[in-house]
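K.L.:
Going by the working numbering, the residue at position 84 of the sequence shown is 102; the numbering climbs one at a time, nothing skipped.
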Amino acid sequence: MNYVKSGISFLILLALIISLNTKFGSVPPLGKFFDPDAGFWANAETSVPNSEELDIPGLKEDVSVYYDDRRVPHIFAKNDHDLYLAQGYIEAQDRLFQMEMQTYDAAGRLAEIVGPSLLNRDKNTRRWGMPYGAEKALEEIQKEPAMLEAITAYADGVNAFIDELSPADYPLEYKILNTAPEKWVPLKTALLFKNMTRTLAGRSNDDRTSNT
Numbered sequence: 019m020n021y022v023k024s025g026i027s028f029l030i031l032l033a034l035i036i037s038l039n040t041k042f043g044s045v046p047p048l049g050k051f052f053d054p055d056a057g058f059w060a061n062a063e064t065s066v067p068n069s070e071e072l073d074i075p076g077l078k079e080d081v082s083v084y085y086d087d088r089r090v091p092h093i094f095a096k097n098d099h100d101l102y103l104a105q106g107y108i109e110a111q112d113r114l115f116q117m118e119m120q121t122y123d124a125a126g127r128l129a130e131i132v133g134p135s136l137l138n139r140d141k142n143t144r145r146w147g148m149p150y151g152a153e154k155a156l157e158e159i160q161k162e163p164a165m166l167e168a169i170t171a172y173a174d175g176v177n178a179f180i181d182e183l184s185p186a187d188y189p190l191e192y193k194i195l196n197t198a199p200e201k202w203v204p205l206k207t208a209l210l211f212k213n214m215t216r217t218l219a220g221r222s223n224d225d226r227t228s229n230t
């Protein structure tokens, strides 16, 4: 009888371990999500430092970042390269998930992260040629050395922040979706441009207007 009870207890424990590490639909693995060291608890902010010195790879000279009373960053750099690198780092620090989701949206890849409910949106985005437009935009940017240097430095700044993150440091949204940040490449910046263009200049009646 003791063997039977032990066997049942083991099976229950095994089922619990498996279920806590399995994603069910849009629900993340609850074991990882509630992990006190790396789960959502790790995203709680106990305090905001008044000042901090960081050693960010790639900077050529010192850069100062001042946050005003609305936590809007003001970046002061001695050269353009450092300015854009610092901008990438700071934007990733404040809005990494938002930045990535906009590039996924423009690339028609939302279903990869959120699930099949957004597959039709991804298909429409690709029909509109958003990824192709971003690729062509990047080709034009690469013909302009100053622009290419700017978006490359920006990407380096974003990646410098991403490289500092452990899974415990991921923004909460990544933990909810059970995913991780991708490396930022210049194409992502071009995708971001295209997504902004659609947001600012796109209209729901564009197709009907173009056919009149």
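Every residue gets a Cβ at the ideal spot worked out from N, C-alpha and C, and that includes glycine.
Just so you know, these numbers come straight off a predicted model, no measurement behind them.
Could you have a look at Y192 and say whether DSSP puts it in helix, strand or coil?
P.N.:
As a first step, residue 192 is located in the sequence shown; it is residue number 174 there, counting from the start. Correct three-state label for Y192: helix.
K.L.:
Using CA coordinates, which residue listed in L166, D123 and V90 is at the minimum distance from R145?
P.N.:
Working through the sequence shown from its first residue, we reach residue 145 at position 127. Of the candidates L166, D123 and V90, the one whose C-alpha sits nearest the C-alpha of R145 is D123.
K.L.:
What runs of the alpha helix (DSSP H), each 4 residues or longer, lie entirely inside the stretch 81-141?
P.N.:
If we require 4 residues or more, the alpha helix (DSSP H) runs fully inside the stretch 81-141 come out as 98-125 and 128-132.
K.L.:
Cα-Cα, which of P75, L128 and G126 is closest to G175?
P.N.:
Locating residue 175 in the sequence shown gives position 157, where the first residue counts as 1. Closest by alpha carbon: P75.
K.L.:
Which residues bound the alpha helix (DSSP H) around K78?
P.N.:
Residue mapping note: residue 78 aligns to position 60 of the sequence shown, counting from 1. Segment: none, K78 is in no alpha helix (DSSP H) and carries neither H nor E.
K.L.:
For V203, does the three-state DSSP call read helix, strand or coil?
P.N.:
Translated into the one-based positions of the sequence shown, residue 203 becomes position 185. It is coil, neither helix nor strand.
K.L.:
Pick helix, strand or coil for A198, following the three-state DSSP scheme.
P.N.:
Here the question's residue 198 lines up with position 180 in the sequence shown. Note: A198 maps to coil in three-state DSSP.
K.L.:
Report the three-state DSSP secondary structure of E162 (helix, strand or coil).
P.N.:
In the sequence shown, counting from the first residue as 1, residue 162 sits at position 144. E162: coil per DSSP, three-state reduction.
K.L.:
Put I74 into one of helix, strand or coil per three-state DSSP.
P.N.:
Position 56 of the sequence shown holds residue 74. Three-state DSSP puts I74 in coil, outside helix and strand.
K.L.:
Assign D100 to one of two classes, buried (16 or more other C-beta atoms within 10 Å of its C-beta) or exposed (fewer than that).
P.N.:
Numbered from its first residue, the sequence shown carries residue 100 at position 82. With 16 or more other Cβ atoms within 10 Å, it is buried.
K.L.:
Quick check: Q111 and F179, are their CB atoms within less than 7 angstroms of each other?
P.N.:
Residue mapping note: residue 111 aligns to position 93 of the sequence shown, counting from 1. Residue mapping note: residue 179 aligns to position 161 of the sequence shown, counting from 1. Against a cut-off of 7 angstroms, the Cβ pair of F179 and Q111 comes out as a contact.
K.L.:
Rounded to whole angstroms, what's the CA-CA distance from P91 to N142? Just pull it up for me.
P.N.:
Your numbering for residue 91 matches position 73 in the sequence shown. Your numbering for residue 142 matches position 124 in the sequence shown. Each residue's alpha carbon lies about 36 angstroms from the other.
K.L.:
Using a Cβ-Cβ cutoff of less than 8 angstroms, which residues in the same chain neighbour K201 once the five nearest sequence positions on both sides are dropped?
P.N.:
Translated into the one-based positions of the sequence shown, residue 201 becomes position 183. Around K201: N177 and I180.
K.L.:
My guess is that A129 and L136 are in contact by the Cβ rule of under 8 angstroms, so how many angstroms apart are they, rounded?
P.N.:
Here residue 129 refers to the residue found at position 111 when the sequence shown is read from its first residue. Here residue 136 refers to the residue found at position 118 when the sequence shown is read from its first residue. Between L136 and A129 the Cβ distance is about 5 angstroms, and since that is below 8 angstroms, they are a contact.
K.L.:
Within its chain, find whatever has a CB closer than 8 angstroms to the CB of M148; leave out the 5 residues flanking it on each side and keep chain order.
P.N.:
The residue given as residue 148 occupies position 130 in the sequence shown. Taken in chain order, the residues that qualify are A124, A125, G126, L209, K212, N213 and R216.
K.L.:
What is the rounded straight-line gap between the Cα of Q120 and the Cα of A168?
P.N.:
Indexing the sequence shown from 1 puts residue 120 at position 102. Indexing the sequence shown from 1 puts residue 168 at position 150. The straight-line gap from Cα to Cα measures roughly 20 angstroms.
K.L.:
Specify the secondary structure class of L210 as computed by DSSP and reduced to three states.
P.N.:
Within the sequence shown, residue 210 is the residue found at index 192, counting from 1. It is helical.
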